[in-house]
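So the sequence lines, in the order shown, correspond to chains A and B. Quick note, my numbering runs 79 ahead of the 1-based positions in the first sequence. FYI, my numbering numbers position 222 of the second sequence as 211, with every residue one higher than the one before it.
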Amino acid sequence: MSITQERETTVIGQRLLRREDPALLTGEAKYTNDLVIPGALHLAVLRSPYAHARIKSIDVSDAASMPGVVAVYTGRDLHPVWAAPMPCAWPVTTDMKNPAHFPLAIDKACYVGDGVAAVLATSESASRDALDAIDVVYEPLRAVIDLEDALSDKTIIHESLGTNKSYTWPLKVEAKEGAIDEAFKNAAFTVSERYVQQRLLPMAMEPRAVAAVPQPFGGDITLYSATQVPHILKVMTAITLGIPEHQVRVVAPAVGGGFGSKLNVYAEELLCVALARKHGAPVRWVEERTENTQATIHGRGQIQHIELAADANGKLTAIRVRLIGDMGAYLQLVTPGVPILGAFLYAGVYDLPQAYDFACTSVFTNMTPTDAYRGAGRPEATYAIEVAMDALARKMKIDPFELRKRNYIKKEQFFDANGVQVGYTAFHGLNYDSGDHLTAAQKAAKIADYDGVRKQQAKQNVAGATKRIGIGMTSYFEMCGLAPSRVLASLNYGAGGWESATVRVLPTSKVQVVTGTSPHGQGHETSWAMIAAEKLGVAPEDVDVLHSDTAVAPLGLDTYGSRSLAVGGVAIAGACDKVIDKARSIAAHQLECAAEDLEFTKGVFSVKGSPDKAVPLAAIAFAAFTAHNLPDGVEPNLEAQYTHDPKNFSWPFGTHMCVVEVDTETGKVDVLKYVAVDDCGNQINPLIVEGQVHGGVVQGLAQALYEEAVYDSDGNLKTSNLAEYLVPAACDVPPITTDFTVTPSTTNQLGVKGIGEAGTIGAAPTVMNAVIDALSGLGITQLDMPASPNNVWNAINKARGGKQ
Amino acid sequence: MIPAPFEYKRAGSAEEAISLIGQHGDDAKFLAGGHSLIPLMKLRLAQPTVLVDIGRVKDLSYVKDAGDHVAIGALTRHMDVEKSSVLKQHVPLLAHAASHVGDSQVRHRGTIGGSIAHADPASDLPATTLALGATYVVQGPKGKREIAAKDFFKGFLESALAADEMLVEIKVPKMKGGWSFQKFNRRAQDWAIVGVAAWRNNGTSGVALVNMGSTPVLASSVSKALSSGASIADAAALAAEEAEPQSDLNASAEYRQHLARVLVRRALEEASK
């Protein structure tokens, strides 16, 4: 087809207000801890105050005799309950080391916050008071906090493994053997950089909460949990507790944010189910904020070494990356896979030849387990390449934007010689379906007034200036829409990456969409209704979206990895197509014509060329319900289920820019302007897209300037509350300008790509490049995150030859 | 986030509050706005066995023009200090500093007396009233006595208040001349990493520092230097002379000393405009 078809839409693309918001804003939404459950017992978990300690003895007798206490359990007491250890679904290599991990520790506590005993009581306060009466004798051991120390195996955390190393995962691509070494040898310019991705606390506004309710008949159990992944949790609960899967129902009520931290199977979920079954009573638990900082997964935690080789023009000729990944004390659901998700992105948006050498070695430490956190591996990768590109530009003494222009994959490279868009197959074999980096970057540069800022900078950043300005940029490619099941198989992931949808037109022509995605702030109810409304020609308010309950939506793989729209939304479109096909056969029967002669526009089937011969979908729905007059072989009712397994990842891209002013007297960084130009293909609801970009940018900027999980050398988390762990608040957020280019995806029928993680991916390197740019005149070329005032002042002081 | 068990008593008057606290001894605590004490109790860092709630003692919430000074009832909320027209006219530095305490919710609950009695060196109002040369009126079983702000702060969260005494009024001299309040933090609504409250009038001045030691710190060397004719830059260089700051996650002690010098200089420049 050489003719470009203009997209005609009526609902998709509108800025509809989120239908979720009235309940959320007025407090009507019911979170897990809001559920009223008569007769529920309250669980409290005693947590190790030591990062690494042998448990010598636990005396629960005082606690057990306290008023309101029903039972107290140790890890040893409950060991027989578990049919399997807690799950890690991603054994990235066949020889990966994975210690058995149970909901309560048995012989050894391996991080501060590791559960060692559990109290069940008739009230929350009684359960909490009883914790103080449990007497645990610990033998403290040396804590392993530093990644390089962990690698040395001086102290081994899990003795049975014989090492702290979990795995080494390589990805080496070279045209011929020795090509990479050759490229570095012949390079006109090289840079070798070391970056630390500090640990971050995901800090969802709603902490985790669980309620396990045994049903009165049949041995079934309903597990309510503040989770992103009710479907995965259902399977894993069945496996870990040895319960037949059909007897487990998981419901995620209103969920207040996750950012990946609720993409997991947690000890407390399993404890609640196990104890509810044991006691024949509902058991509930809600996390305290300090527990949330210790017992909910952390994000990031990597040391990155990246080397770039470039020719005399700055064209990249080879990239070498060595990572050390901090797994924390145990492997949670996808812990080992997080650094691997980034492995494909250390060349970013650049046209790299087959000369790429990546290896990640991951180690256990005596800290909270890490796992997926907004972006999961991809922000880290983007940070490394984008900050290293600035370092290369400084070395070459050319403008960093100019260096990027020389390296971008060009728009033409996504097309074949005949002008067919076939995508760009990168050195690692994955195909980037679409991209136009230069256009997005130029748009960002125009909005940020890149040239103007450079001129102002030349004027302002003179010797002795106390307010220096800098501009930074990042061009990114994001690999999301997780994920094609066959690619996941090649990465040894334990499940597929499809998503399911059911679309049902009710007798009165109202529509139900059942989705396997599990929203926790993303606005799926609004967006999914828009997709179905567009496809079926009904009003969005006539579409209801059902989700997050495995009894209502039995098939699904949940929400993470910017997958919900690009996989789940596309599944809804596919299910609508099946509904329309079925309706078409009924319409043809009624209109006495061939199905092929019917066209379907705005909710009405009409005979091509005879528009007066028509029947609306609403009438077909009712006819399908009464079943009085259906064609032979057609089942009653208008409903279809469709499972979408994506052919490819979705590849959003864009360029972010930011202008900062650094007060060289105090070290304080002010973000004066932030510009995000993103391309997520077609947008279902631009209002929601912009909201996602805003939130993501703030989260990435927070890594650059504010947030860091700080441990002392004994393994105590020093940032275990919201006064110490600095999540920026609304008044700390700088002005953000969002804009877009639209390059539709060619691998799904909606032309959509993910947008949930893009802001986070772009923001941290953009801000850090701007800060370093502001200070490079003082001789500062590297700065660790977060660029806190004290850290910046230290760097300035050091550059001036003062002591740090 | 669940405090250890405690008994709750509500006092109807200052006298009743003092009598209740006297009955229960050292393990009892006054509860005013609750914005310092309750978080400590939820973390079980403070475990008083009795709380005497003085939040409804009505006659302790006022701002009055008392001639040469302004009298502020101890239970006056930060928001009322911030909005007071008497203070805006006669002690604008204090009204302004109150607008920097926490966030709007905190300012509607927290009280000036609670903040001063808690004696947190990181709080804004203890240092501000110290810079202004305030006097605190405290009441015990035997009646009232006055303590100068400079004699009130004894150590980290420790004051000259006896266990059975209650802060009832803050007397702040009316001020003239220029002033400045500098609050340096990473997030807008945090405690200051370093804060400076300063005023200047002809040859006299007052400069106090927030979060520069175990107590609010009066930077007397700065005022002394200014009164003997030193330049602002030279006087500000002495800003950390009286301070013994701690290192914490946000700032090393050395960085705090540096910040104090920079911020005092900026404060004096602003106060001299």
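Glycine is no exception: its CB is placed at the ideal position from the N, C-alpha and C atoms.
Checklist entry - Out of B:Gly14, B:Val157, B:Thr118 and B:His79, which has the shortest C-alpha to C-alpha gap to B:Glu135? => result B:Val157
Checklist entry - How about the segment 386 to 406 of chain A and the segment 15 to 25 of chain B: do they share at least three Cβ pairs that are nearer than 8 Å? => result no
Checklist entry - By how many angstroms is the C-alpha of A:Ala360 removed from the C-alpha of A:Met315? => result 21 Å
Checklist entry - Helix, strand or coil: which one does DSSP assign to A:Gln883? => result No answer about A:Gln883 holds up, because its pLDDT of 46 lies below 50 and its placement is not dependable.
Checklist entry - Just checking my contact of A:Leu320 with A:Val344 at CB under 8 Å: how many whole Å lie between their CB atoms? => result Not a contact, Cβ separation roughly 11 Å.
Item to check | 6 Å CB neighbourhood of A:Ala520 in its chain, flanking five on each side removed | outcome: Contacts found: Ser554 and Thr734.
Checklist entry - Can you check whether the CB of B:Leu215 is closer than 7 Å to the CB of B:Ala228? => result no
Item to check | Host alpha helix (DSSP H) of B:Gln171 (start-end) | outcome: Where B:Gln171 is concerned, there is no enclosing alpha helix (DSSP H), although the beta strand (DSSP E) it sits in stretches over Gly167 to Phe173.
Checklist entry - Would a C-beta distance cut-off of 7 Å place A:Val631 and A:Val590 closer than the cut-off? => result Result no, Cβ atoms of A:Val631 and A:Val590 do not sit closer than 7 Å.
Checklist entry - Within 7 Å (strictly less), CB to CB, does A:Val789 reach chain B? => result yes
Next on the checklist: Tell me the DSSP secondary structure of A:Phe494 in three-state form.
Outcome noted: strand
Checklist entry - Would A:Val624 pass as a contact of A:Val592 if the rule is Cβ separation under 7 Å? => result Their beta carbons are under 7 Å apart, which means A:Val624 touches A:Val592 by this criterion.
Checklist entry - Between A:Thr825 and A:Asn727, what straight-line distance do the alpha-carbon atoms span, to the nearest angstrom? => result One C-alpha to the other measures close to 10 Å.
Item to check | Interface residues of chain A facing B:Pro37 [CB-CB closer than 9 Å] | outcome: Here the premise fails: no neighbours, minimum Cβ distance about 16 Å.
Checklist entry - Going along the chain, which residues of its own chain have a beta-carbon closer than 6 Å to the beta-carbon of A:Ala674, five neighbours each way excluded? => result Arg663, Ser664 and Ala667
Next on the checklist: Given this structure, state the Cα-to-Cα distance separating A:Glu465 from A:Met165, to the nearest angstrom.
Outcome noted: It is roughly 37 Å from the alpha-carbon of A:Glu465 to the alpha-carbon of A:Met165.
Item to check | CB of A:Asp749 within 7 Å of CB of A:Phe732, strictly | outcome: no
Next on the checklist: Is the separation between the beta-carbon of B:Thr65 and that of B:Phe(-5) shorter than 7 Å?
Outcome noted: no
Checklist entry - When we look at the beta-carbon of A:Gly858 and count the other beta-carbons within 10 Å, is it buried (16 or more) or exposed? => result By the 10 Å Cβ count, A:Gly858 comes out exposed.
Checklist entry - With a Cβ-Cβ cutoff of 7 Å, do A:Cys655 and A:Val582 count as a contact? => result yes
Next on the checklist: Strictly by DSSP, which residues pair up with A:Lys525?
Outcome noted: Answer is none; A:Lys525 lacks a bridge partner.
Checklist entry - Hey, out of A:Glu107, A:Ser239 and A:Glu678, whose CA is closest to A:Gly688's CA? => result A:Glu678
Item to check | Inter-residue CB distance, A:Gly838 and A:Gly775 (contact presumed, cutoff 8 Å) | outcome: 2 Å
Checklist entry - Secondary structure at A:Ile82, three-state DSSP: helix, strand or coil? => result Summary for A:Ile82: the model assigns pLDDT 41, below 50, so the residue's position carries little reliability; its value from the coordinates is reported in the next sentence. In this structure, A:Ile82 counts as coil in the three-state DSSP scheme.
Checklist entry - Of all the CB atoms in chain B, is at least one closer than 7 Å to the CB of A:Thr629? => result no
Checklist entry - Shorter than 7 Å from the beta carbon of A:Cys810 to some beta carbon of chain B? => result yes
Checklist entry - Is it buried or exposed for A:Glu347, if we count other Cβ within 10 angstroms and need 16 for buried? => result buried
Item to check | Terminal residues of the alpha helix (DSSP H) in which A:Gly653 lies | outcome: Residues Val649 to Leu670.
Item to check | As assigned by DSSP and simplified to three states, the class of B:His13 | outcome: helix
Checklist entry - In three-state terms, what does DSSP make of B:Lys31? => result helix
Next on the checklist: Does chain A have any CB closer than 7 Å to the CB of B:Arg175?
Outcome noted: yes
Checklist entry - Counting along the chain, where does the alpha helix (DSSP H) carrying A:Cys351 start and finish? => result Ala346 to His358
Checklist entry - Looking only at its own chain, which residues have a Cβ that is under 6 Å from the Cβ of A:Gly378, when we skip the five neighbours before and after it? => result Leu279, Pro281 and Tyr452
Checklist entry - To which residues of the same chain is A:Ala162 closer than 8 Å at the C-beta, ignoring the five residues directly before and after it? => result Ile318, Thr319, Leu320 and Gly321
Next on the checklist: Using only CA atoms, which one of A:Gly407, A:Lys187 and A:Ala808 lies nearest to A:Ala374?
Outcome noted: A:Ala374 has its Cα closest to that of A:Gly407, out of A:Gly407, A:Lys187 and A:Ala808.
Item to check | Span separating the alpha-carbon of A:Thr605 from that of A:Leu644 | outcome: 12 Å
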